[in-house]
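Step one of this worksheet: look at the structure below.
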Amino acid sequence: MGLHPLEFSECYLDSPVFREKIKSHEAELDKTNRFIKELYKDGKNLINATKQLVLAQRKFAQSLGEFQFEYIGDAKTDDERCIDESLQEFSNFLKNLEDQRELMMRNITETLMKPLEKFRKEQLGSAKAERKKYEKETEKYYSSLEKLLNMSAKKKEPQLQEADSQVETIRQHFQEESLDYVCKLQEIQERKKFDCVEPMLAFFQTVFTFYHQGFELANDFNHYKKALQINIQNTRSRFEGTRVEVFELMKRIREVPQEYKQTSPISSEGYLYVQEKRPPPFGSSWVKRYCTFVKEQKILHMVTFDHRSGGKMGETESVTLKSCVRKTTDMLDRRFCLDIEITDRPGTVLTVQSLSEDDHKFWIHAMGGKEPAGQYLGKTYSKERGIDAQLDDVGLSFVKNAINAIETRDEKSNDVDLSTCEDWDVKTITSTLKLYLRSLPEPLMTYGLYKDFIAPAKGGSPESRSQAIHCLVHKLPEKNRLVLGLLLKHLATVAAHSKLNLMTVANLGVVFGPTLMRPQEDTVAAIMDLKFQNIVVEILIEQHEKIFGDVPGPSSPGLSAPTRQSKKLSVRQNRPLAVYNPKKVDLQTVSPTSPDVGSNSDEASLGSNESVSSQSTASGTPPEKANHGRILASLSTGDSPGACIAVAASQLNSGALAKASSDGDKTVDGVTGGGGKRAMAVYPCEAEHESELSFQVGAIFSAVAPSREPGWLEGELEGKKGLIPENYVEML
């Protein structure tokens, strides 16, 4: 496991684990800084000490061979693996050059030294400056917070309000600085992969120029050099896409941080000040502790952690909650306090203080606390999904006709007449098609199979990846597989003309990876998997004929029994994940001021190839001339493409893009919420819990319905009701 992703939501909790993650990122940047300094020193030796050239090159080669890039996440792409291994390759190459004893490094200053020093000063230097600001704001916030909490509740209300306002301002500034620092750390961790290696690659190119006797060696290295250039470019392209997604996530969290603060149904987390009573005459003291309350077991875990003492973590203490009651200020001269009765120690009451009024309500709600009659116990944090586009017959017809119009522009469809609108821009149709795909309740490749699709992209040989993805495609629902096949065939056509439209398979993977597959978790960790989504889409484009034309055999490795999703719940050490919740899209009601729904790269990916879609449409009057005029008017008056797409969608396929589902009891995979549905087991299963069912291949289940447990169904077998792994059965 490499470096842990730093979640923006953790900036608001500022937990001990979060601080440990930041420390590991800072240590990695310090290591990189030392590495660049050492490399810079070695390069100077090569320039100034030509008489000791061999010795200097050995040291330089050693520095390269011993360093390895750390990566964020649980796996590396092939490109990242090649970049990581490139340092060792460079080291071996220098050892070969050492035997020739030739002067080869006259241009090392411009090609290597300056870029590395620039990266060290501008990127690593800026991170160091942000680190100082972050530590300063940490000290300022927690000092002011303790001062506020120590204020007497008997002070006048204006004084209390003024103090609250001041601390709130400091808190917001601290959290803003925390978000910026976290973003900066992760950006530099990703950037260094190409900013450090690319200058080295340029340096080796200059080496070839001055190396008279190394012509054959240079030719041998040329293939690897070109491959590495592609690796770097692919990594850079994925970095840009990931960077945009990260900034968007940070923006969403910054706008509504409360929605991302607590989303776990299992536990609640945050800081509480715990009163520790001492024998007279010493009174009592208040100790800040990071608390995790496990709702089902009613266990409160408390760990002492002081941000100002170097982030040293104390031992964890756990107690079982019996009851929780709000403590009024007439009983204790401190605000936001709760009395917690503990079952472990009968008669013992633990008094804790939350950080604010909202935090006070949050803990009362989480612990099931009691308030005076009529008081509000706290808000329920939940998100509602909007009504999305549907993958039905109308949607399928739209996809077929949209692709047909893009590629030919002169064939008429029975249902949706796209080709008669000769003035329609290809960009309008392609953007509408892509918007439709993004607006589906779940992506074409489904949430359920997301991890299965990602897994082969993280390792294995190209053959094993292809076989696994081939099998997984045929596990998709029929309509999903049909639409995916139509789209991938079209993208393969676009990629075949990449010399004209510049849309290579890699570029199409970057553009369509997040559209065709995405996880439900809206986190930095999920965004870091974008590069693997791109790889899956690249494989689908390159091998679409085999994948969608042939059914995989029963012996294929991808058809083995799938891994069941664990149903056991445990206390999560990391922050709970925010569930992906796409916004409601209704194209028929989008105003001309709506934001642009299609980017230039999106438009180019589907229809920029002139050789594919340059034929003009047949002359004649379009059947819906009035609506067509609205589209042309929108285009001619400079309205946003989003407004043009909205007009096009409302005319071309009413109901396909913004269809309001009337089947409210249906789930994504078509299983209804009521009884009567039947399913057949396609893999054997041995129950691991009394609530689960054991069964053999061919078993028929009745009364099948979705379960509240993710990845599980509820059903009945031979008179017994229980849970069934969703990916072990097929619906009948």
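The numbering of the sequence shown is this note's numbering, which starts it at 53 and goes up by one.
Note that the Cβ used here is the ideal one computed from N, Cα and C, for glycine as well.
All values derive from a computational prediction rather than experimental measurement.
- Nearest to residue 179 by alpha-carbon distance, out of 117, 80 and 204, is 80.
- Annotation: the stretch 368–430 contains the following complete segments of the beta strand (DSSP E) (minimum length 3 residues), in chain order: 389–394 and 401–405.
- Pairing residue 483 with residue 265, the inter-Cα distance amounts to about 55 Å.
- Around the beta carbon of residue 387, 16 or more other beta carbons sit within 10 angstroms, so the residue counts as buried.
- Of the candidates 493, 398, 450 and 497, 450 places its Cα closest to the Cα of residue 481.
- Of all C-beta pairs linking the stretch 732–749 to the stretch 768–776, three or more are shorter than 8 Å, placing the two stretches in contact.
- Residues of the same chain with a CB within less than 8 Å of the CB of residue 373, apart from the 5 flanking positions on each side, are 345, 350, 351, 352, 392, 393, 394, 395 and 419 in chain order.
- With respect to the C-alpha of residue 574, the residue from 365, 222, 408 and 299 having the closest C-alpha is 299.
- Under the DSSP assignment, residue 210 falls outside any beta strand (DSSP E), being part of the alpha helix (DSSP H) whose first and last residues are 209–262.
- In the structure shown, residue 573 adopts extended strand secondary structure according to DSSP, grouped into three states.
- In the DSSP secondary-structure assignment, residue 336 is bridged to 329.
- Annotated as distal: residue 531 and residue 592, with beta-carbon spacing of 8 Å or more.
- Nearest C-alpha to residue 149 among 748, 445, 105 and 590: 105.
- DSSP lists 775 as the beta-bridge partner residues of residue 744.
- Taking 8 Å as the cut-off, the beta carbon of residue 758 is found no closer than this to the beta carbon of residue 769.
- If you ignore the 5 residues before and after residue 99, its C-beta comes within less than 7 Å of the C-beta of 157, 160 and 161, all in its own chain and listed in chain order.
- In the structure shown, residue 324 falls within a strand segment according to DSSP collapsed to helix, strand and coil.
- Across the set 304, 577, 220 and 572, the C-alpha of 577 shows the shortest separation from the C-alpha of residue 55.
- If you draw a straight line from the Cα of residue 596 to the Cα of residue 145, it comes to about 39 Å.
- If you draw a straight line from the Cα of residue 219 to the Cα of residue 89, it comes to about 41 Å.
- Residue 360 counts as exposed, since fewer than 16 other C-beta atoms from the protein chains shown sit within 10 angstroms of its C-beta.
- Contact between residue 604 and residue 737 is absent: CB atoms are separated by about 22 Å, not below the 8 Å threshold.
- In the displayed model, residue 319 falls within a strand according to three-state DSSP.
- Here the alpha carbons of residue 260 and residue 64 stand approximately 52 Å from one another.
- In this model, residue 527 and residue 302 are separated by some 35 Å (Cα to Cα).
- Assignment of residue 178 by DSSP, reduced to helix, strand and coil, places it in the helix class.
- Contact between the stretch 200–213 and the stretch 179–190 is absent: fewer than three C-beta pairs spanning the two stretches fall below 8 Å.
- Burial state of residue 267 is exposed, judged by a 10 Å Cβ sphere holding fewer than 16 other Cβ atoms.
- Per DSSP, residue 781 is one residue of the beta strand (DSSP E) stretching across 781–783.
- If you check the CB distance, residue 68 and residue 580 do not come in under 8 Å.
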